[in-house]
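Written below as structure tokens is the structure these notes are about.
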Amino acid sequence: MSSKADKKSKKRKAEDDVDAVVVEEKSSKKAKKEDVEIQISVEDLSPIAHPLAEKKLLKKLHKTIKKASKARQVKRGVKEVVKGIRKGEKGLLILAGDINPIDIISHLPIMSEEAQIPYIFVPSKEELGNASSTKRPTSCVMVCPDGKKKGKTGEESEDYRELYDEVVVEVNKLDTQIAFK
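Counting from 20, one number per residue, gives the positions in the sequence shown under this note's numbering.
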């Protein structure tokens, strides 16, 4: 009889171990969803990554991109961004600074200057993709607050618009500071 009791106790222990492993996996998934800062070395950044957002501005940019993607006012990827610029849409262009080869996005700063659209570089394409609500790394994002779809109205859009305007002012200051130094 003791052998049956031993088997049952072993079975219970095994089930408890499996439950413990599942709980650990769930906590690791939560950790992945949280904002994790990705460190990029200076050598990995492209030489044209100027102006580069600093930590405080970077946080505001990510917040703006997240709110804009929820409001469906974001263009993701080179193809969509180029199409938007050619059609004359206005907004803020955010480029990833760690794109290789550089030829993929090298024409975008010139196009945005010609269209008088402010642009800024962020260090990581992974963080940019994360902020724009995609699982994939994204090379560039254009936030277009006056897009075709004006579905959301109220406090959320006003809050997002204020944050967007604040970020655009800071990016414009950065552009002029670098141009005159």
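Glycine included, each C-beta is placed from N, C-alpha and C at the ideal position.
For K78, count neighbouring Cβ atoms within 10 angstroms of its own Cβ and tell me buried if that reaches 16, exposed if not. exposed
Taking the beta carbon of K144 as the centre, do at least 16 other beta carbons fall within 10 Å, making it buried, or is it exposed? buried
Starting from the N-terminal side, write out each stretch of the beta strand (DSSP E) that is 3 residues or longer and does not extend beyond the region 56–138. The region 56–138 contains these whole beta strand (DSSP E) runs: 93–95, 111–115.
Does the distance from the CB of D117 to the CB of L64 come in under 8 Å? Contact flag set, yes.
Going by beta carbon distance, what residues of the same chain come within less than 7 Å of T153, once the five residues before and after it are set aside? Contacts found: R95.
Note down the Cα distance separating L12 from P137, rounded to an integer number of angstroms. Outside the displayed range of the chain (20 to 200) lies residue 12, so it cannot be described from this structure.
When V188, H126, V101, H69 are compared against P142, the one with the closest alpha-carbon: The residue with the shortest Cα to Cα distance from P142 is H69.
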